[in-house]
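Since the structure comes first, as structure tokens, the remarks are kept for the end.
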Amino acid sequence: MSMRTAGRRVFSCLGTFFQGSSSRWAGLGTTQTEGRKCVPHRYGASVSTEGVRWRSREDRANMAAFSEMGVMPEIAQAVEEMDWLLPTDIQAESVPLILGGGDVLMAAETGSGKTGAFSIPVIQIVYETLKDQQEGKKGKTTIKTGASVLNKWQMNPYDRGSAFAIGSDGVCCQSREVKEWHGCRATKGLVKGKHYYEVSCHDQGLCRVGWSTMQASLDLAIGSDGVCCQSREVKEWHGCRATKGLVKGKHYYEVSCHDQGLCRVGWSTVQASLDLGTDKFGFGFGGTGKKSHNKQFDNYGEEFTMHDTIGCYLDIDKGHVKFSKNGKDLGLAFEVPPHMKNQALFPACVLKNAELKFNFGEEDFKFPPKDGFVALCKAPESYVVKSQHTGNAQVTQTKFLPNAPKALIVEPSRELAEQTLNNVKQFKKYIDNPKLRELLIIGGVAARDQLSVLENGVDIVVGTPGRLDDLVSTGKLNLSQVRFLVLDEADGLLSQGYSDFINRMHSQIPQITSDGKRLQVIVCSATLHSFDVKKLSEKIMHFPTWVDLKGEDSVPDTVHHVVVPVNPKTDRLWERLGKNHIRTDDVHAKDNTRPGANSAEMWSEAVKVLKGEYIVRAIKEHKMDQAIIFCRTKIDCDNLEQYFVQQGGGNIPKTRALGKHERNGSAAAGAWITPNHAGLATVPFRKGEDFMARSFQERALLLSVVQNSELPCPDKKGHQFSCVCLHGDRKPHERKQNLERFKKGDVRFLICTDVAARGIDIHGVPYVINVTLPDEKQNYVHRIGRVGRAERMGLAISLVATEKEKVWYHVCSSRGKGCYNTRLKEDGGCTIWYNEMQLLSEIEEHLNCTISQVEPDIKVPVDEFDGKVTYGQKRAAGGGNYKGHVDILAPTVQELAALEKEAQTSFLHLGYLPNQLFRTF
Numbered sequence: 001m002s003m004r005t006a007g008r009r010v011f012s013c014l015g016t017f018f019q020g021s022s023s024r025w026a027g028l029g030t031t032q033t034e035g036r037k038c039v040p041h042r043y044g045a046s047v048s049t050e051g052v053r054w055r056s057r058e059d060r061a062n063m064a065a066f067s068e069m070g071v072m073p074e075i076a077q078a079v080e081e082m083d084w085l086l087p088t089d090i091q092a093e094s095v096p097l098i099l100g101g102g103d104v105l106m107a108a109e110t111g112s113g114k115t116g117a118f119s120i121p122v123i124q125i126v127y128e129t130l131k132d133q134q135e136g137k138k139g140k141t142t143i144k145t146g147a148s149v150l151n152k153w154q155m156n157p158y159d160r161g162s163a164f165a166i167g168s169d170g171v172c173c174q175s176r177e178v179k180e181w182h183g184c185r186a187t188k189g190l191v192k193g194k195h196y197y198e199v200s201c202h203d204q205g206l207c208r209v210g211w212s213t214m215q216a217s218l219d220l221a222i223g224s225d226g227v228c229c230q231s232r233e234v235k236e237w238h239g240c241r242a243t244k245g246l247v248k249g250k251h252y253y254e255v256s257c258h259d260q261g262l263c264r265v266g267w268s269t270v271q272a273s274l275d276l277g278t279d280k281f282g283f284g285f286g287g288t289g290k291k292s293h294n295k296q297f298d299n300y301g302e303e304f305t306m307h308d309t310i311g312c313y314l315d316i317d318k319g320h321v322k323f324s325k326n327g328k329d330l331g332l333a334f335e336v337p338p339h340m341k342n343q344a345l346f347p348a349c350v351l352k353n354a355e356l357k358f359n360f361g362e363e364d365f366k367f368p369p370k371d372g373f374v375a376l377c378k379a380p381e382s383y384v385v386k387s388q389h390t391g392n393a394q395v396t397q398t399k400f401l402p403n404a405p406k407a408l409i410v411e412p413s414r415e416l417a418e419q420t421l422n423n424v425k426q427f428k429k430y431i432d433n434p435k436l437r438e439l440l441i442i443g444g445v446a447a448r449d450q451l452s453v454l455e456n457g458v459d460i461v462v463g464t465p466g467r468l469d470d471l472v473s474t475g476k477l478n479l480s481q482v483r484f485l486v487l488d489e490a491d492g493l494l495s496q497g498y499s500d501f502i503n504r505m506h507s508q509i510p511q512i513t514s515d516g517k518r519l520q521v522i523v524c525s526a527t528l529h530s531f532d533v534k535k536l537s538e539k540i541m542h543f544p545t546w547v548d549l550k551g552e553d554s555v556p557d558t559v560h561h562v563v564v565p566v567n568p569k570t571d572r573l574w575e576r577l578g579k580n581h582i583r584t585d586d587v588h589a590k591d592n593t594r595p596g597a598n599s600a601e602m603w604s605e606a607v608k609v610l611k612g613e614y615i616v617r618a619i620k621e622h623k624m625d626q627a628i629i630f631c632r633t634k635i636d637c638d639n640l641e642q643y644f645v646q647q648g649g650g651n652i653p654k655t656r657a658l659g660k661h662e663r664n665g666s667a668a669a670g671a672w673i674t675p676n677h678a679g680l681a682t683v684p685f686r687k688g689e690d691f692m693a694r695s696f697q698e699r700a701l702l703l704s705v706v707q708n709s710e711l712p713c714p715d716k717k718g719h720q721f722s723c724v725c726l727h728g729d730r731k732p733h734e735r736k737q738n739l740e741r742f743k744k745g746d747v748r749f750l751i752c753t754d755v756a757a758r759g760i761d762i763h764g765v766p767y768v769i770n771v772t773l774p775d776e777k778q779n780y781v782h783r784i785g786r787v788g789r790a791e792r793m794g795l796a797i798s799l800v801a802t803e804k805e806k807v808w809y810h811v812c813s814s815r816g817k818g819c820y821n822t823r824l825k826e827d828g829g830c831t832i833w834y835n836e837m838q839l840l841s842e843i844e845e846h847l848n849c850t851i852s853q854v855e856p857d858i859k860v861p862v863d864e865f866d867g868k869v870t871y872g873q874k875r876a877a878g879g880g881n882y883k884g885h886v887d888i889l890a891p892t893v894q895e896l897a898a899l900e901k902e903a904q905t906s907f908l909h910l911g912y913l914p915n916q917l918f919r920t921f
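Heads up, the sequence shown stops at 921 in UniProt numbering, and the numbers go up one at a time, no gaps.
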């Protein structure tokens, strides 16, 4: 057995007990930490003398660290070349769980290795699946599919709720959903005769047992034995029916309750709802001591719970249904109405966070029936009808389809999708025979190129919702063989309104693959505490294991974050700038904002102007060589980019040049030649004229695309204000190019919005500037978390206005395109008053700390923090100071040393010294 196979089998066995349910084992991964010696450093320098690169003598140990989790050597070799020291915490916890067959809901900071945590096991299992198909192996599956399930009396895995689990024997049922009912029916029904079955209660949950007719809900798991059923859905009921029904005779089966969840057991026809007893085609008996039929719940018998055994009797010839508890006959419960006399009745149940085990007679009954009732398994074949729900609709076909991938990874943005695809390519580098084929499906790329790749075959698809939805809805992308569904940055997907797309896509993916494996759903999120993420996981995931390594938001020790108050009343610089300032967002284009107006609009405009100056001041003060600058809106990003151009440090490639500056013979005059809808248009421009003083429309025209620009530009790569912009209005190829230029260090500054930068991992960034605080406090942590990674110190500077600022808040159908409605939102406009001081208070309350404030000169006072960093000068004032940890811990350490000495001395006196004394005699 190869290392790959051995590792795979170890973890696969953990997910096979319940059909339709995933592994619930957690903590398989181990987190290893090593002592690190810390040295003084500046922002952006590593705090660890060990760094993040492997030494050659450690390479073998590094490969072993991943191989011990069951990762195949080919992937471990690729990981080695990526200079990964050891599995990160999220990888150590999640990789074994996913390899074990379970659904995983993971949360960790961006840059913590989440992409590797799901990419590595997904690539490995996709490869193993293709390898088995290549070798003609069907594999040993714990899930019996198709008609083979119907050969014996058991609970039907294809006729049950999605939160209802059935044991491998087919008679043990369980549901852990505490708020909803989940049901199941047997594989066979009866149309004649007097029949009996028993049900034993194994816990104290609620249940109903009886007889019904239809197919089961999907949130119910069935064990590989076919008689153990389980549903851990706590909000809904989920049911199941058996694989056979009865049309004649007197029959009996037993149900044992294994826990304290809620359940109903009984009989139903194939027309019945899986919520047993809520329509006219099913008869149920619940743990609360109620019988139910057609939504009528009447007192019957007595309550039952864990360790109780319920007997279910059916006399088809007389049309009688009754139940017993622990052998005690509870009397007639129902008379079968005429409209059901000729229909087969199937054993059925519905569970809510409960577990049941059925006994159809394959084992000895705890309370054998009397009066001619026989076990279901002994019913004559002429009395038995096999269920038509064979699971064929839930199982993918083995026929090769080139456009049917095995894994689908959904990302909220193009940049993140490209980043994930690059990781997939790196991990699969040494995988061969068969090679894995991947495809990136995003907007802004010619669809015909993507369709061409699909026609040639693809195994892993990474994409964004828009283009994925188009290809799925038109049938170009087939989801019938998807084995893995990965939702990366799920909270971002939901906040962008893609919940319907996710549910629609999930409904089109079969829950069981052709080799009998269940669909695995992996959800990655910045936080698991989001209500929307929890709601989504309850709907599309089965018994997910939560791996939350993020917990509540906090700021890492490696991040120093400060606030710079922007107070236009005390800093009157904005009055002296004239027109030599950053172009604002035109919110106050119709307002009187001249000095002396003393209006809220004047102070708001002053804030916007001052922030532009403070950004330049911060860059110069700290001699920033690389930083991410977050703006609130796309127009703010564009304006800041052009302000940097005005400072002489623009990075405008030839494809976005300012246009040809053609002399007309006069040294004092010239013309900007730019294309418009009518062809070439000449816009007069005089020497010395302030470009930023132009109107927004004219600047947009002057920034139009002109190829082969002859406009002289400063050296972008080395200039102090070289920058690129990243937001949704930029062309996809430009966004990709800009991001790559920033990563490579060709430019110093990345100006972006929250949405565009979400999830993008850029290593070693020492600075972040928040031009405006985010309106969601969680995004503050996401933003400043861009620095302080890989044991590097980082500085995050937030510019916070002390006065309210009027900003764009587009609720119009165009979402801001061509909108100049500066009225407030409540007056039918598209602006709001933004209160950053209130937002700052909410952020500080969220983080449970006071963020240090610095003066407008942005000279950040420096403390000594644990020896990691030595700042230039001692902090004079402000809150949130760090104190030396050594001084704080010194008394405790001394006390601990004294206790240790006392313990050792006591040991010597009580143990060692008496023995020595005894030997002297």
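Where a beta carbon is used, it is the ideal one built from N, C-alpha and C, also for glycine. All of these numbers come straight from a predicted model, not from anything done at the bench.
Here the C-alpha atom of H810 lies approximately 33 Å from the C-alpha atom of C849. By the Cβ test, the stretch 230 to 246 is in contact with the stretch 341 to 355, since at least three Cβ pairs between them sit closer than 8 Å.
In this structure, the CA atom of H782 is about 15 Å from the CA atom of S495.
Annotation: the continuous beta strand (DSSP E) that includes I751 extends over 749 to 752.
Counting other Cβ atoms within 10 Å of its Cβ, I888 stays below 16 and is therefore classed as exposed.
Burial is judged here by how many other beta carbons sit within 10 angstroms of a residue's own beta carbon; P121 has at least 16 and is buried. Leaving aside the five residues that flank V462 on each side, the residues in its chain whose CB is nearer than 6 Å to its CB run, in chain order, I409, A417, T420, L421, L440.
G266 and V209 do touch by the CB rule: their CB atoms are close to 5 Å apart, below 8 Å.
Comparing C-alpha distances from M541 to each of M106, R815, L246, S906 shows the shortest one belongs to M106. DSSP places H846 in the uninterrupted alpha helix (DSSP H) bounded by 836 to 847. M505 and D459 have their C-alpha atoms some 17 Å from each other. Assigned with DSSP and collapsed to three states, P157 falls in strand.
Look at M106 here: in three-state DSSP terms it is strand. Rounded to whole angstroms, the separation of the alpha carbons of I762 and Q778 is 19 Å.
Taking every protein chain shown into account, the CB of C631 has 16 or more other CB atoms within 10 angstroms, so this residue is buried. Using a 10 angstroms sphere on the CB of Y430, the tally of other CB atoms stays under 16, which defines it as exposed. It is roughly 50 Å from the alpha-carbon of S112 to the alpha-carbon of T309. Burial check for V521: the Cβ neighbour count within 10 Å reaches 16 or more, so the residue is buried. Boundaries around E74 are those of the alpha helix (DSSP H), 73 to 81, since no beta strand (DSSP E) includes it. In the three-state reduction of the DSSP assignment, Q520 falls in the strand class, which pools E and B.
G193 places its beta carbon 8 Å or farther from that of G245. Cβ-Cβ distances below 6 Å link P465 to Y498, F501 in the same chain, with the five nearest sequence neighbours on each side left out; the list follows chain order.
Bounds of the beta strand (DSSP E) holding G261 are 260 to 268. In the structure shown, the three-state DSSP call for V191 is strand. Pairing C524 with C637 gives a Cβ-Cβ distance that is not under 8 Å. Distance from the CA atom of S413 to the CA atom of G492, rounded to whole angstroms, is 9 Å.
Y196 places its beta carbon less than 8 Å from that of Y313. Ranked by how close their Cα comes to the Cα of P856, the residues N567, E803, L750 have N567 in first place. With a threshold of 16 other beta carbon atoms within 10 Å, C812 falls short and is exposed. In this structure, C201 and H320 do not form a Cβ contact; the two beta carbons are roughly 23 Å apart against a cut-off of 8 Å. Cβ contact annotation for I832 (same chain, cutoff 6 Å, sequence separation greater than five): Y809, K825, in chain order. In this structure, the CA atom of W153 is about 30 Å from the CA atom of D298. Under the 10 Å beta carbon count, M82 is surrounded by fewer than 16 other beta carbons and is classified as exposed.
With a contact defined as Cβ atoms closer than 8 Å, A76 and Q426 miss out at about 13 Å. Per DSSP, reduced to three states, the secondary structure at H909 is helical. Note on geometry: alpha-carbon atoms of K539 and S722 lie some 47 Å from one another.
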